[in-house]
Each structure stands twice: as structure tokens, then as C-alpha cells.
Amino acid sequence: MLTGLAPLVSRHTRLLILGSFPGVASLQAQQYYGHPQNHFWKILHAIWPSSPIPVGVGSYQKRSEWLLDRGLGVWDVYAACEREGSLDSSIRQPVVNDFSQILQQCPRLEAIVHNGGESFKHARHVRTALENVPAAVRRAGPPQASTAPLGGSALHEVKSVGVQFYKLPSTSPANASWSFERKLAAWREVFARHGLV
0 MLTGLAPLVS
10 RHTRLLILGS
20 FPGVASLQAQ
30 QYYGHPQNHF
40 WKILHAIWPS
50 SPIPVGVGSY
60 QKRSEWLLDR
70 GLGVWDVYAA
80 CEREGSLDSS
90 IRQPVVNDFS
100 QILQQCPRLE
110 AIVHNGGESF
120 KHARHVRTAL
130 ENVPAAVRRA
140 GPPQASTAPL
150 GGSALHEVKS
160 VGVQFYKLPS
170 TSPANASWSF
180 ERKLAAWREV
190 FARHGLV
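Residue 187 in numbering that gives the first Met the number 0 sits at position 188 of the sequence shown, and the numbers go up by one each step.
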């Protein structure tokens, strides 16, 4: 049984990006999106080109702060699982993370961004956890969009918890059917909808 990474969030997190479970390279490095071919950090750099992502010694800590400073957070839907290799299709016996405290950790949360289909399969677990949060912790949330984002992403409105749920194309190198440019367009639109671009 493999154990995932702790959430990378702050009280300023407005968009929480949920992957499925860290790949082998990420687990070994104890870093989110640690595989050099994953498009995650490249997409963020392309969204904010005027603010380069830190590189070099100690760069992961600096990149994490860079991400948090921009209102993002990162976590996974699975806390633990059995898996050979890094593919989502190899995940067995998954244990879903406990999302019941996420609104207290992230009081400004506007949206959950699922990074790929495996993560999005568990959107209902996340939604249920948020719906069970005491009403005093919930708030009205951002204005609800009336149309789905362009670029192939999907929007699911959950007005009862004031949080929007998006399914975006996976940044994984295994998602070869989407070019970098198509992934970037879909991700950028969601960020723009929440004033992060």
C-alpha cells in the first residue's frame, strides 16, 4: 500500500487542483508533479509567463510557495492505494482522502479542479464531504457560470457549497491525445474564470 502526499494548501487557496495519486517519480521525490514530462508546472508557467517558476536547489519549496501565492492548492483524491508503476489504470484498493476539513483550511475556496478523469470519478465524494460541512463554515461562493468552459473542460455547479467543480484534461504524459496547447487553453480558461489570469 502506497501513501500519498499531504495537501499543499493555504488560507489564500481559491482553486484546489486534485490529481488522482502521485506517480512513482513524485512519490520518490515527495513532490507533486515530479515527473519531468508532466505538463503541470509547464502549464502554470505558460499561464503566468511574467513570473518564472523557481528552478535549481530548493526549487520545489520555492515553486510550492509560488503556487500558493497565486491562490492555488494541490492535493489528490486518493490518500493511499496499491499500484504497480504510475498509470491510473493500475490503481487498486484506493482510499479516498478526507475532504471534510478543506473549507476550514481554505476559507476562500471557489473551485475544485480535477486534473483528469480518474480524479473526477471521485468528484461526488468531494462534493458530499463539502455538503456535510456545517453551514457556518460554508458561504455563498462565487457567481455561477452559465456555460461550460471552452477547450474540453467541464463545469459542474454545486451552489449548495459555493464551490464549482471542473474536469480538466490530465497534465500527465500518458494523456497523449491532448496536445500541450489544447491542455493549456482549457486550464487557462478556468483560471481566467476565477480571476487568476
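Here a beta-carbon is modelled for each residue, glycine too, at the ideal position from N, C-alpha and C. Everything numeric in this text was worked out from a predicted model, so none of it was measured.
- Taking a contact as a CB-CB distance under 8 angstroms, the pair VAL76 and VAL95 counts as one, their CB atoms being some 6 angstroms apart.
- Between GLN104 and TYR32, the alpha-carbon positions lie close to 22 angstroms from each other.
- Cβ neighbours of SER9 within its own chain (closer than 6 angstroms, five residues either side excluded): LEU67.
- Annotation: the region 54-95 contains the following complete segments of the alpha helix (DSSP H) (minimum length 4 residues), in chain order: 58-68.
- Residues ASP75, VAL76, TYR77, ASP87, ILE90, ASN114, GLY115, GLU117 and SER118 of the same chain have their beta carbon placed closer than 8 angstroms to that of SER19, with the five preceding and five following residues left out of the count.
- Each of LEU1, VAL23, HIS38 and SER63 was checked against the Cα of LEU167, and the nearest Cα belongs to HIS38.
- Membership of GLY3 in any beta strand (DSSP E) is not indicated, and neither H nor E is assigned to it by DSSP.
- In the DSSP assignment, ASN114 is bridged to LEU167.
- A straight line joining the alpha-carbon of LEU1 with that of ARG13 spans about 29 angstroms.
- Here VAL162 is near LEU108, since their CB atoms are less than 8 angstroms apart.
- A distance of 8 angstroms or more separates the beta carbons of VAL112 and LEU183.
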